[in-house]
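Student:
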Amino acid sequence: MKRLAYGILLLAFLAASACMIYYGKLTFHMKKAEAEHDKSMYHFVLIPEELDNEYWRLVEKGARDAASLYGVYLEYAGPRQADYSEHLKTLDTAIAGKVDGILMQGGKSEMLTTLISKAHDKGIPVITVDTDAPETERAAYVGTNNYYSGFLAGQALLADTNGPQRVGIVTGRFQSENQKQRVEGFKEAIKKEERIQIVGIEESSITKIGAIEATYRLFHNRPDITAIYGTSALDGIGIAGVTRYFNKKNIYVIAFDTLPETLFLLNEQAIQATVAQDPYEMGYNAVASLIKLKAGENIHPLQYTDTSIIRREDLPIVEGESGS
Ligand code: BGC
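In our numbering, each residue carries its 1-based index in the sequence shown increased by 1058.
Pasting the structure below:
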């Protein structure tokens, strides 16, 4: 009996100590965040599609640089892996936390419209970046004209290929508005050319491994594919992984974005062209626009950042390369 009592006492003691350490740490972290916030003029939140995505880290970098220039406390919060309901939950939490401004990837859903209206009613301006949400009460959009960027990709394919082309598409997420627009713009550019035919479209879930699997599926269903278009930042890398592995040298690959690995593959001629966006500028300009709104200034509701096609010949020549 005595032993049992001692055992229970010991357990209770251990549990209490664990709680003390855990909550002590938590308060410490919160105090630290609050302290940083107190020194700052405003508290903004940037909500990406996926936290650890290399592309979104560039948006974050731009936003952080502008935030430190303007003395803003910037929080970067959202889903670890792309997840729309978690994305919306983060938005709701930011509104409940009475932040001073929100930068986020837009989209299209009733819930998103409702939440952005809720932020608007509370006086919290929302700026969409990367993907717009034009039917909502967002204050402005800063990012690529996604339809036009897809159109550019289609034009590049037309300019760079001859003869009949059977095109497979690897797209980030079927439900993402920017991905849909990139596919639509591409279709528009090629629609009058009978020699170009789209023979399949698969989803990558915006991961490299997903893009590899999507490319496999495309080739499995249509071994006669001659070109592949990847519409999100890691798709081209996955596509090139497969074409290189199977030594399919004659496949024309057009990618999106200019992450270091994509540029490396462009230089290696495993990717023939890529659509360059400016994620850094998106983050930077969106914070600068929120600051203007806070100061009562007007801002342009549609702020398109640069988009262009990059081919191997546009890459800077690295010393020691033969240039062949
Ligand atoms: C898109 C982002 C997307 C990212 C995924 C980019 O091309 O603009 O919306 O989250 O790719 O890697």
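Just so you know, even glycine gets a beta-carbon here, dropped at the ideal spot from N, CA and C.
CB-CB under 6 Å to Thr1169, same chain, minus the five flanking residues each way: which ones, in chain order?
Tutor: Within the sequence shown, residue 1169 is the residue found at index 111, counting from 1. Just to set this straight, residue 1169 is Met in the shown sequence, not Thr. Hits under 6 Å: Leu1146.
Student: Any chance you could list the alpha helix (DSSP H) runs of at least 4 consecutive residues sitting entirely within the segment 1164-1239, in chain order?
Tutor: 1168-1179, 1204-1218
Student: Which residue marks the beginning of the beta strand (DSSP E) containing Val1130, and which one marks its end?
Tutor: Translated into the one-based positions of the sequence shown, residue 1130 becomes position 72. Its beta strand (DSSP E) spans residues 1130-1134.
Student: What residue range does the beta strand (DSSP E) around Ala1313 cover?
Tutor: The residue labelled residue 1313 in the question sits at position 255 within the sequence shown. Note, Ala1313: beta strand (DSSP E), 1310-1314.
Student: Please return the same chain residues whose Cβ sits closer than 8 Å to the Cβ of Ile1105, not counting the five positions on each side in sequence.
Tutor: As a working note, residue 1105 is residue 47 in the sequence shown. Cβ contact annotation for Ile1105 (same chain, cutoff 8 Å, sequence separation greater than five): Ala1135, Gly1136, His1145, Thr1148, Leu1149, Ala1152, Ile1160, Leu1161, Met1162, Gln1163, in chain order.
Student: Determine the DSSP secondary structure at Glu1326, reduced to helix, strand or coil.
Tutor: Position 268 of the sequence shown, counted from the first residue, corresponds to residue 1326. Glu1326 falls in the coil class under three-state DSSP.
Student: So, is Asn1279 buried or exposed, given that buried needs 16 or more other C-beta atoms within 10 angstroms?
Tutor: On the sequence shown, position 221 is the one that residue 1279 refers to. Classification of Asn1279: exposed, given that the 10 Å Cβ count is below 16.
Student: Roughly how far, in whole angstroms, is the beta-carbon of Ser1290 from the beta-carbon of Gln1237, given that I think they are within contact range, below 8 Å?
Tutor: Taking the sequence shown and counting its residues from 1, one reaches residue 1290 at position 232. Taking the sequence shown and counting its residues from 1, one reaches residue 1237 at position 179. Contact flag correct, Cβ pair sits at about 6 Å.
Student: When you compare only the Cα positions, how much space is there between Ala1211 and Ile1264?
Tutor: What you label residue 1211 is simply residue 153 of the sequence shown in a count that begins at 1. What you label residue 1264 is simply residue 206 of the sequence shown in a count that begins at 1. Each residue's Cα considered, the two are about 18 Å apart.
Student: Hey, is Gly1230 close to the ligand BGC, as in C-beta under 7 Å from one of its heavy atoms?
Tutor: Residue mapping note: residue 1230 aligns to position 172 of the sequence shown, counting from 1. Distances between the C-beta of Gly1230 and the heavy atoms of the ligand BGC include at least one below 7 Å.
Student: Roughly how many whole angstroms lie between the Cα atoms of Glu1193 and Glu1107?
Tutor: Reading the sequence shown from its first residue, position 135 is the one you call residue 1193. Reading the sequence shown from its first residue, position 49 is the one you call residue 1107. For Glu1193 and Glu1107, the distance between alpha carbons rounds to 19 Å.
Student: Check whether the Cβ atoms of Ala1121 and Leu1132 sit closer than 8 Å, and answer yes or no.
Tutor: On the sequence shown, residue 1121 is found 63 positions in, with the first residue counted as 1. On the sequence shown, residue 1132 is found 74 positions in, with the first residue counted as 1. Taking 8 Å as the Cβ cut-off, Ala1121 and Leu1132 qualify as a contacting pair.
Student: Comparing C-alpha positions only, which one of Gly1288, Pro1337, Lys1250, Asp1123 sits nearest to Lys1266?
Tutor: By one-based count along the sequence shown, residue 1266 stands at place 208. The option with the nearest alpha carbon to Lys1266 is Gly1288.
Student: So what does Ala1285 bridge to, in DSSP terms?
Tutor: For this step, residue 1285 is matched to residue 227 along the sequence shown. Ala1285 has Val1225, Tyr1310 as its beta-bridge partners, per DSSP.
Student: If you draw a straight line from the C-alpha of Gly1221 to the C-alpha of Lys1250, how long is it?
Tutor: By 1-based counting over the sequence shown, the position of residue 1221 is 163. By 1-based counting over the sequence shown, the position of residue 1250 is 192. Roughly 14 Å separates the two Cα atoms.
Student: Since I believe Val1157 is in contact with Ile1182 (beta carbons under 8 Å), could you give me their beta-carbon distance rounded to a whole number of angstroms?
Tutor: Here residue 1182 refers to the residue found at position 124 of the sequence shown. Here residue 1157 refers to the residue found at position 99 of the sequence shown. About 6 Å; that satisfies the 8 Å criterion.
Student: Skipping 5 residues on each side, what residues in its chain have a beta carbon closer than 7 Å to that of Gln1327?
Tutor: Position 269 of the sequence shown holds residue 1327. Cβ neighbours of Gln1327 within its own chain (closer than 7 Å, five residues either side excluded): Arg1370.
Student: Looking only at DSSP bridge pairs, what is Arg1369 linked to?
Tutor: Reading the sequence shown from its first residue, position 311 is the one you call residue 1369. Per DSSP, Ala1331.
Student: Assuming the contact rule is C-beta atoms closer than 8 Å, Gly1230 and Asp1179 should be a hit. Round their C-beta distance to whole Å, please.
Tutor: By one-based count along the sequence shown, residue 1230 stands at place 172. By one-based count along the sequence shown, residue 1179 stands at place 121. With a Cβ gap of about 32 Å, Gly1230 and Asp1179 do not count as contacting.
Student: Using a Cβ-Cβ cutoff of less than 6 Å, which residues in the same chain neighbour Tyr1128 once the five nearest sequence positions on both sides are dropped?
Tutor: Numbered from 1 along the sequence shown, position 70 holds the residue referred to as residue 1128. For Tyr1128, where only same-chain residues beyond five positions count, the Cβ hits under 6 Å are Ile1349.
Student: For Asp1123, which of Ala1346, Asp1364, Gly1268, Lys1306 has the nearest alpha-carbon?
Tutor: Here residue 1123 refers to the residue found at position 65 of the sequence shown. For the residues Ala1346, Asp1364, Gly1268, Lys1306, the minimum Cα distance to Asp1123 belongs to Ala1346.
Student: Looking at the secondary structure, which residues open and close the beta strand (DSSP E) in which Gly1258 lies?
Tutor: Here residue 1258 is taken as the residue at index 200 of the sequence shown, counted from 1. Residues 1254-1261.
Student: Give me, in chain order, the residues of the same chain whose beta-carbon lies closer than 6 Å to that of Ile1256; leave out the 5 immediate sequence neighbours on both sides.
Tutor: Position 198 of the sequence shown, counting from 1, holds the residue named residue 1256. Cβ within range, chain order: Val1225.
Student: For Leu1451, count the other beta carbons within 10 Å of its own beta carbon; 16 or more makes it buried, fewer makes it exposed. Which is it?
Tutor: Shown here, the chain extends from 1059 to 1382; a query on residue 1451 therefore has no answer.
Student: Just to confirm, are Ile1368 and Thr1316 a CB contact at a threshold of 8 Å?
Tutor: Here residue 1368 refers to the residue found at position 310 when the sequence shown is read from its first residue. Here residue 1316 refers to the residue found at position 258 when the sequence shown is read from its first residue. Cβ distance < 8 Å, so Ile1368 and Thr1316 count as in contact.
Student: Comparing C-alpha positions only, which one of Tyr1338, Asn1343, Thr1273 sits nearest to Val1311?
Tutor: If you number the sequence shown from 1, residue 1311 lands on position 253. If we check each option's Cα against that of Val1311, Thr1273 comes out closest.
Student: Short of 6 Å in beta carbon distance, which residues of its chain neighbour Gly1268, apart from the five on each side in sequence? Order them along the chain.
Tutor: Mapped onto the sequence shown, residue 1268 falls at position 210. Same-chain partners within the cutoff: Ser1262.
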